[in-house]
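In this text, residue positions in the sequence shown follow this note's numbering: the first is 1198, and each later residue adds one. Reviewing the structure listed below.
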Amino acid sequence: MSVPVSALPARVLRALLLGCAALIVAGLFGIASASHASAAPTPTPVTTAASVSTRTVTPDGPTTPAAPTAPATPTAPTSGGAPTINLGGKPSTSISIIMLLTIVSVAPSLLLLMTSFTKIFVVLSITRNALGLTSVPPNQVLAGLSLFISAFVMGPVFAKVNSSGIQPYLSGKKTQQVAFHDGIAPLQTFMLQHTRSEEIALMLRAGKLPNPAHPSDIGLGTLIPAFVLSELRSAMIIGFVVYIPFLIIDMVVSSSLMSLGMMMLPPVSVSLPFKLLLFVLVDGWGLVVNALITSYNTG
C-alpha cells in the first residue's frame, strides 16, 4: 500500500532527503578521486648518493721512456716528383720554361728596339702616306711585312746568337752570365754598325758618362736608344726620297686644274690614279724593300 508523500511526517522526510544528499556527495567524491589518481604522473624512484657504488682508481706506476731513434736517411728524388732546380750543368726543364716565357713576354720590345723592324715599318708607312692612301694597305699588313723583312735581314745575326749563346747554355757548356755575354755580342755588333757616332755621343753626354775605351764597352742602356735614333733618321731620309716623285705629280695636277678653272675639284682625287699607276709601273714596293735590305749590307 502506497503512502502519499504529504502524509509522511516531516522528520522522516528530512531524514530521507539528507540520506539522498549524502549518497550523491559520496558518489561525486569517488568519481573525482578516481580521475585525479589516473591523471597524476607516476613517480620515478629517487637515487641517493648512498645507493651509488663507488670505485677506487689505483694510479699506475711511472713508465720508462723509450730511447730516441736515429733520423732517416733522405732518399734522392725520383723523376716523377716535384721539379728541382739544377745548380750546375744542364738547366732543368722548369728553368727552360721560365726562360722561354720571359723571352716571349719581352720579345716585342726586343723586336722594336734591337732589330731593323722600326726602320722598315716607318718607311713602309711613309710610302703609304705618300701615295695618298690612309688605310690601304692596313697596319696589320705593313706590320707583318715588316716582321718578315726584319727576320730576313736579322737571320745571320740570330743564327750567331743561337750558336754562341742559347745552345751552349741549354747544353750546359756555359753558365748563364757567360751565355748572355756571348749571345748579346752579335746583336751589339749589329747595332754598332748601324748607329752613328753622333747619337752615341748624344746619349753619353745626356747620361754624363765617360767615353768608352772601345766601342764594345758601350752599355746596352746607351747603345739601344742611340740605335733607335739612327734608325729613325735613316727612315726619314728614305721617306723624303720616296715623297719627291709623288709631290711632283700633286703639283702638276694642281696646276693643271687651276689653269682649267676647276678649283672646286680636289687635286688629291685626280692625282691618286696617276700616283698609283706610276708606283706600279716602276715596281715601287720592290724598290722600297730592296733599298731597305741593301741599307743593312755591311760588306
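Here a beta-carbon is modelled for each residue, glycine too, at the ideal position from N, C-alpha and C.
C-beta contact flag for residue i and residue j at 8 angstroms
i, j, result
"residue 1471", "residue 1446", "yes"
"residue 1376", "residue 1366", "yes"
"residue 1534", "residue 1404", "Nothing can be reported for residue 1534, as the shown portion of the chain is limited to 1198 through 1496."
"residue 1323", "residue 1436", "yes"
"residue 1388", "residue 1311", "yes"
"residue 1490", "residue 1320", "no"
"residue 1432", "residue 1396", "no"
"residue 1493", "residue 1313", "yes"
Residue i, DSSP secondary structure in three states
i, result
"residue 1432", "helix"
"residue 1316", "helix"
"residue 1402", "helix"
"residue 1459", "coil"
"residue 1487", "helix"
"residue 1476", "helix"
"residue 1311", "coil"
"residue 1415", "coil"
"residue 1407", "coil"
"residue 1261", "coil"
"residue 1440", "helix"
"residue 1266", "coil"
"residue 1492", "coil"
"residue 1482", "helix"
Anticipated Cβ contact below 8 angstroms, residue i with residue j, distance rounded
i, j, result
"residue 1464", "residue 1454", "6 angstroms"
"residue 1486", "residue 1315", "Contact flag wrong, Cβ pair sits at about 16 angstroms."
"residue 1439", "residue 1327", "5 angstroms"
Three or more C-beta pairs closer than 8 angstroms, one from the segment 1354–1362 and one from the segment 1374–1388: is that the case here?
-> yes
Sufficient close CB pairs (3 or more, under 8 angstroms) joining the segment 1338–1346 to the segment 1457–1476 | no
Below 8 angstroms, can you find three or more Cβ-Cβ pairs linking the segment 1398–1408 to the segment 1319–1339?
-> no
Let me know the alpha helix (DSSP H) ranges lying completely inside the segment 1322–1398, each 4 residues or longer, listed in chain order.
-> 1336–1350, 1352–1358, 1364–1367, 1373–1390
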